[in-house]
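> Line order of the protein sequences matches chains A and B. All the letters of the first sequence, read from the start, carry residue numbers 0 to 379 under numbering that gives the first Met the number 0. All the letters of the second sequence, read from the start, carry residue numbers 0 to 379 under numbering that gives the first Met the number 0. Glycine residues also receive a C-beta, built at the ideal position from the N, C-alpha and C atoms. Dropping the structure in here first, questions after.
Number of protein chains: 2
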Amino acid sequence: MKKERLFTPGPVMVPDEALLEMARPMKHHRTAWYRDMHREVHELLQYLFQTSSTCLTFTGSGTSAMEAVIAGCCPAGHKALVVRNGKFAERWAKECVTFGIDHTNLDLEWGTGAKPADIVKAMDADAKIDTVIVVHSETSTTALSDVAGIAKVTRDRGALLLVDGITAVGAIPVKMDDWGVDAYVTGSQKALMLPPGLGFAAISPRAWERVDSGKTQTLYCDLKAYRKSLESFDAPYTPAVTLVRGLLYVLRGVKERGLESIWSETATLARATRAAAVAMGLRVYAKDTVDSVTAILLPDGFDEPKLRATMRDRHGFSVAGGQGELKGRIIRLSHMGYVDAFDTLGAIAALELALNELGYAVTIGAGITAAQQAFADSAA
Amino acid sequence: MKKERLFTPGPVMVPDEALLEMARPMKHHRTAWYRDMHREVHELLQYLFQTSSTCLTFTGSGTSAMEAVIAGCCPAGHKALVVRNGKFAERWAKECVTFGIDHTNLDLEWGTGAKPADIVKAMDADAKIDTVIVVHSETSTTALSDVAGIAKVTRDRGALLLVDGITAVGAIPVKMDDWGVDAYVTGSQKALMLPPGLGFAAISPRAWERVDSGKTQTLYCDLKAYRKSLESFDAPYTPAVTLVRGLLYVLRGVKERGLESIWSETATLARATRAAAVAMGLRVYAKDTVDSVTAILLPDGFDEPKLRATMRDRHGFSVAGGQGELKGRIIRLSHMGYVDAFDTLGAIAALELALNELGYAVTIGAGITAAQQAFADSAA
């Protein structure tokens with residue numbers, strides 16, 4: 000009966016109501032019932048991505064949707080710029096290698112996000128670049144890229160902008176059409192607070208022109224096949240019916256709550272967590288911090304696995320560690336989905352206690368008081 | 000409160016216990032908990048496929064697993080023979096086209112399955128063929144291919160045999176290692192009686208040699224990436240945690256019930272359904288009938304959509320219609336997963352009633368009596 004709370008940046012906690020919705024008896028997908036559900040889901044996804052373009056739902060992780068976008072939008076004759084500033088950005092460079100896509104990598108320091116000037120410089124240096132691939136919120140480093148600013152650059156230069164929005168969409172401001180982004184991707188287990196198993200891609204008309212000019216490079220992740228099926232709100236291959244059912248439930252909730260509110264509440268949770276870290280004498284890792292997930296840098300030589308184990312096994316809070324070069328150096332806490340100020344106070348309290356138990360001198364109450372102050376300020 | 004029963008050949012009815020297992024609170028996958036679960040799942044999948052080889056679990060439909068197998072096992076320099084005897088077989092030919100795989104199609108009459116002699120003839124005619132792609136149970140036509148016999152041929156000739164076992168594995172006899180099949184694929188929503196969203200591929204050591212000799216053609220469906228992660232019972236991309244949780248539950252049940260029993264009970268359901276069709280004056284469509292799903296041919300000009308609508312809306316039984324050239328001509332009833340003699344009697348009763356209601360002269364009780372006789376015979 001011990002309470003467990005998931006603060007990892009995906010999967011995140013799933014609302015009980017969504018779990019029960021997905022536990023309802025199985026229904027078939029080649030039916031008016033499924034098509035009606037898919038129609039409403041599509042409309043709500045358009046709201047989520049803030050676009051009037053096509054929103055595709057893949058049976059797969061976020062990577063399946065990103066593979067679909069990269070393989071579809073970078074046919075032969077085009078050249079991509081891949082901003083590499085973390086583990087997920089590196090995966091998109093790997094996608095380019097896999098599909099033999101002409102590309103160049105722009106390596107940024109981990110913890111920083113891409114800025115318009117970076118893109119301008121890289122494009123000035125290579126006139127062949129007509130596609131830019133950026134991670135909006137790099138989950139591995141918690142760095143935010145300036146997608147709105149970058150989109151201005153890519154629009155001005157007639158290049159396509161493909162964005163990994165996996166821990167961005169539904170958590171921080173994303174305005175696909177206003178900004179002029181050509182493809183945005185997300186997954187079900189982040190801000191959409193569902194179990195993993197669905198990937199989503201919103202594709203602009205400009206991106207579709209590019210897709211239509213190239214040959215199909217994967218059948219399972221083929222954008223054209225998904226678009227064709229979407230005409231009748233169908234799916235080209237058997238969809239994950241139960242997850243789509245949960246999706247309808249959470250998307251209705253997102254619409255009701257309103258994106259602006261969600262963005263603002265998520266930002267408050269992040270601000271509170273950052274303030275708590277500083278109050279506990281720790282540092283926030285990223286230079287360009289994103290609001291969907293916070294990375295806290297641990298003191299040199301601190302036993303990170305033991306800290307996470309203590310938080311999880313003693314206090315019931317699961318947080319993530321670092322990946323790659325950040326392994327053992329940071330812990331990451333999610334602010335996405337079904338999580339509020341009081342859950343977050345709990346996570347900070349658990350961190351305070353665990354740090355204390357492991358011999359790190361933290362003033363008891365300092366972290367939660369700083370967080371509480373942030374909540375009070377935001378309510379003012 | 001009207002009862003609904005799913006007799007479509009996937010998705011099928013999901014046991015309540017599995018639905019509730021998947022509705023438990025979300026847990027993270029980069030944990031000992033997930034790895035322990037995946038280790039047991041892998042062992043049980045080996046039992047399911049009757050193999051000591053690697054069994055991979057994909058977040059995707061069965062098509063994702065089949066794409067992984069075809070893209071991985073047919074690198075440049077090899078030539079595939081694709082037996083085309085239905086809609087799913089056609090999809091595998093499309094996979095070959097998508098990945099630029101040198102291949103030749105062997106078109107068989109719909110309703111028939113591939114036999115060893117077909118393969119011998121095709122291979123004799125083209126010495127370059129070193130890979131054979133066959134659908135074990137062609138769901139669209141309910142035709143059974145002789146995989147055991149074909150495997151003898153491919154083994155003798157040193158060719159690889161890749162089998163779509165999507166409505167075969169866990170329903171009808173599948174003995175991967177005994178027969179010498181090199182890759183077998185299935186999906187979660189068929190005999191495994193789960194919601195759709197997982198694909199599975201079992202890969203023989205001979206197939207791995209082929210995979211290792213070629214270049215990676217898709218990252219999301221990359222066999223090598225899945226094999227590498229499996230070494231630590233991990234997953235290369237975020238796995239569908241809740242579905243894997245349900246998977247462990249059903250695989251334990253499959254092991255406990257025993258494959259031999261399941262195969263035999265499934266065959267009895269099919270036999271009963273075929274006997275019922277004949278007793279109602281109808282014909283079984285396929286020449287080479289499979290036991291996982293039965294296609295019943297309707298009288299010429301019969302209003303098939305109305306029949307299915309009556310069965311579903313009035314009686315609560317969902318059955319499938321035909322695809323492609325069989326659209327409007329057949330209905331299909333599943334015998335896979337969480338379905339027994341009494342459910343099946345109900346489906347036949349509903350069919351009897353619906354036929355009667357639509358003016359087709361059927362002797363009331365004829366179908367269910369014939370089915371009941373088959374059940375009595377099998378219990379004798």
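(1) Kindly provide the ranges of any alpha helix (DSSP H) runs that are 4 or more residues long and lie completely inside the region 116 to 170 of chain A, ordered along the chain.
(2) Would you mind reading off the limits of the alpha helix (DSSP H) that contains Ile347/A?
(3) Return the chain-ordered list of same chain residues with a C-beta closer than 7 Å to the C-beta of Glu66/B, the five sequence neighbours on each side being excluded.
(4) Going along the chain, which residues of its own chain have a beta-carbon closer than 8 Å to the beta-carbon of Pro235/B, five neighbours each way excluded?
(5) Considering only the beta carbon of each residue, do Val277/A and Arg331/A sit closer than 8 Å?
(6) Tell whether a beta-carbon distance below 8 Å holds between Ala113/A and Val133/A.
(7) Look at Val243/A and Met36/A and say whether their C-beta atoms are less than 8 Å apart.
(8) At a Cβ threshold of 8 Å, is Ala59/B touching chain A?
(9) Please list, in chain order, the residues of the region 6 to 17 of chain A that have any C-beta partner in chain B closer than 9 Å.
(10) Flag Lys93/B as yes if its beta-carbon sits less than 8 Å from any beta-carbon of chain A, otherwise no.
(11) Taking a cut of 8 Å between CB atoms, which residues from the region 165 to 197 of chain A lie near chain B?
(12) Between the Cα of Cys54/A and the Cα atoms of Asp233/A, Ala369/A, Ala308/A, which residue gives the shortest distance?
(13) Grab me the residues of Arg256/B's own chain with a C-beta within less than 7 Å of its C-beta, minus the 5 sequence neighbours each way, in chain order.
(14) Tell me where the alpha helix (DSSP H) around Cys72/B begins and ends.
(15) Can you tell me the Cα-Cα spacing of Ala75/A and Ile100/A, whole angstroms?
(16) Does the distance between the C-beta of Cys54/A and the nearest non-hydrogen atom of the ligand ATP fall short of 7 Å?
(17) Alpha carbon to alpha carbon, what distance is there between Lys189/A and Arg270/A?
(18) In the DSSP output, which residue or residues are listed as bridge partners for Tyr183/B?
(19) Quick one, which of Arg156/A, Ile165/A, Ala346/A has its alpha-carbon nearest Arg90/A's?
(20) Can you give me the C-alpha to C-alpha distance between Thr50/B and Val162/B, rounded to a whole angstrom?
(21) Below 7 Å on C-beta distance, what does Leu242/B contact in chain A?
(22) Could you pull the DSSP bridge partners for Lys78/A from this structure?
(23) Would you verify that the beta carbon of Thr140/A is, or is not, closer than 8 Å to some beta carbon of chain B?
(24) Between which two residues does the beta strand (DSSP E) carrying Phe57/A extend?
(25) What's the C-alpha gap between Arg154/B and Pro204/B?
(26) Let me know the secondary structure DSSP gives Ile367/A once reduced to three states.
(27) Roughly how many angstroms separate the alpha carbons of Gly196/A and Gly196/B, rounded to a whole number?
(28) Would you verify that the beta carbon of Ala400/B is, or is not, closer than 8 Å to some beta carbon of chain A?
(29) For Asp221/B, which three-state DSSP category applies?
(30) By how many angstroms is the C-alpha of Gly315/A removed from the C-alpha of Lys306/A?
(31) In or out: Met0/A buried (at least 16 other Cβ within 10 Å) or exposed?
(32) Could you give the DSSP three-state label for Leu47/B: helix, strand or coil?
(33) Under a three-way DSSP split, which group does His27/A fall into?
(34) Can you pull the chain A residues whose beta carbon is under 7 Å from the beta carbon of Cys220/B, in chain order?
(35) The alpha helix (DSSP H) with Leu306/A in it runs from where to where?
(36) Name, going along the chain, the residues of the region 66 to 77 of chain A whose beta-carbon falls closer than 7 Å to a beta-carbon of chain B.
In brief:
(1) 146 to 155
(2) As a position in the first sequence, residue 347/A is number 348, starting the count at 1. 340 to 356 is the extent of the alpha helix (DSSP H) around Ile347/A.
(3) On the second sequence, residue 66/B is found 67 positions in, with the first residue counted as 1. Hits under 7 Å: Glu94, Thr217, Cys220.
(4) For the purposes of this step, residue 235/B is identified with residue 236 of the second sequence, where counting begins at 1. For Pro235/B, where only same-chain residues beyond five positions count, the Cβ hits under 8 Å are Asp221, Ala224, Tyr225, Lys227, Ser228.
(5) Residue numbering aside, residue 277/A sits at position 278 when the first sequence is read from its first letter. Residue numbering aside, residue 331/A sits at position 332 when the first sequence is read from its first letter. For Val277/A and Arg331/A, no; Cβs fall outside 8 Å.
(6) Here residue 113/A corresponds to residue number 114 of the first sequence, with the count starting at 1. Here residue 133/A corresponds to residue number 134 of the first sequence, with the count starting at 1. Yes, the pair counts as a contact, with Cβ atoms nearer than the cut-off.
(7) The residue you call residue 243/A lines up with position 244 of the first sequence. The residue you call residue 36/A lines up with position 37 of the first sequence. Going by C-beta atoms, Val243/A is nearer than 8 Å to Met36/A.
(8) Mapped onto the second sequence, residue 59/B falls at position 60. Looking at the sequence provided, one finds Gly at residue 59/B rather than Ala. Cβ-Cβ to chain A under 8 Å: yes for Gly59/B.
(9) Thr7, Gly9, Pro10, Val11, Met12, Val13, Asp15
(10) Numbered from 1 along the second sequence, position 94 holds the residue referred to as residue 93/B. So yes, Lys93/B belongs to the interface.
(11) Gly186, Gln188, Pro194, Pro195, Gly196
(12) In the first sequence, residue 54/A corresponds to position 55, counting from 1. Of the candidates Asp233/A, Ala369/A, Ala308/A, the one whose C-alpha sits nearest the C-alpha of Cys54/A is Asp233/A.
(13) As a first step, residue 256/B must be located in the second sequence, where it is residue number 257. If we look at Arg256/B and ignore the five residues flanking it on each side, it has no Cβ neighbours.
(14) Counting from 1 along the second sequence, the entry for residue 72/B is found at position 73. From DSSP, the alpha helix (DSSP H) with Cys72/B extends over 61 to 72.
(15) Taking the first sequence and counting its residues from 1, the one referred to as residue 75/A is at position 76. Taking the first sequence and counting its residues from 1, the one referred to as residue 100/A is at position 101. So the alpha carbons of these two residues sit roughly 7 Å apart.
(16) No copy of the ligand ATP appears in this structure; indeed no ligand is present at all.
(17) Along the first sequence, read from residue 1 onward, the residue named residue 270/A stands at position 271. Along the first sequence, read from residue 1 onward, the residue named residue 189/A stands at position 190. Taking the straight line from one Cα to the other gives about 19 Å.
(18) Numbered from 1 along the second sequence, position 184 holds the residue referred to as residue 183/B. Answer is Val162/B, Ala201/B.
(19) Indexing the first sequence from 1 puts residue 90/A at position 91. The option with the nearest alpha carbon to Arg90/A is Ile165/A.
(20) Your numbering for residue 50/B matches position 51 in the second sequence. Your numbering for residue 162/B matches position 163 in the second sequence. Their Cα atoms are separated by approximately 14 Å.
(21) If you number the second sequence from 1, residue 242/B lands on position 243. Ordered by position in chain A, the residues that pass the 7 Å Cβ test against Leu242/B are Gly196.
(22) In the first sequence, the residue the question calls residue 78/A occupies position 79. BP columns for Lys78/A point to Ile128/A.
(23) In the first sequence, counting from the first residue as 1, residue 140/A sits at position 141. Chain B contact via Cβ: absent.
(24) Stepping through the first sequence from its first residue, residue 57/A is reached at position 58. That run of the beta strand (DSSP E) goes 53 to 58.
(25) Translated into the one-based positions of the second sequence, residue 154/B becomes position 155. Translated into the one-based positions of the second sequence, residue 204/B becomes position 205. Those two C-alpha atoms are separated by around 13 Å.
(26) Counted from its first residue, the first sequence places residue 367/A at position 368. Three-state DSSP puts Ile367/A in a helix.
(27) Numbered from its first residue, the first sequence carries residue 196/A at position 197. Numbered from its first residue, the second sequence carries residue 196/B at position 197. Spanning the two alpha carbons is a distance of roughly 7 Å.
(28) Past the edges of chain B, shown from 0 to 379, lies residue 400/B, and the structure says nothing about it.
(29) What you label residue 221/B is simply residue 222 of the second sequence in a count that begins at 1. Looking at Asp221/B - three-state DSSP - the assignment turns out to be coil, as it is neither helix nor strand.
(30) Against the first sequence, residue 306/A aligns to sequence position 307. Against the first sequence, residue 315/A aligns to sequence position 316. What sits at residue 306/A in the sequence shown is Leu, not Lys. If I take the Cα positions, the gap works out to 12 Å.
(31) Taking the first sequence and counting its residues from 1, the one referred to as residue 0/A is at position 1. Flag for Met0/A reads exposed.
(32) One-based indexing of the second sequence puts residue 47/B at position 48. Helix.
(33) Within the first sequence, numbered from 1, the residue matching residue 27/A stands at position 28. Coil, per DSSP.
(34) Stepping through the second sequence from its first residue, residue 220/B is reached at position 221. Tyr219, listed in chain order.
(35) As a first step, residue 306/A is located in the first sequence; it is residue number 307 there, counting from the start. Leu306/A -> alpha helix (DSSP H) spans 303 to 308.
(36) Glu66
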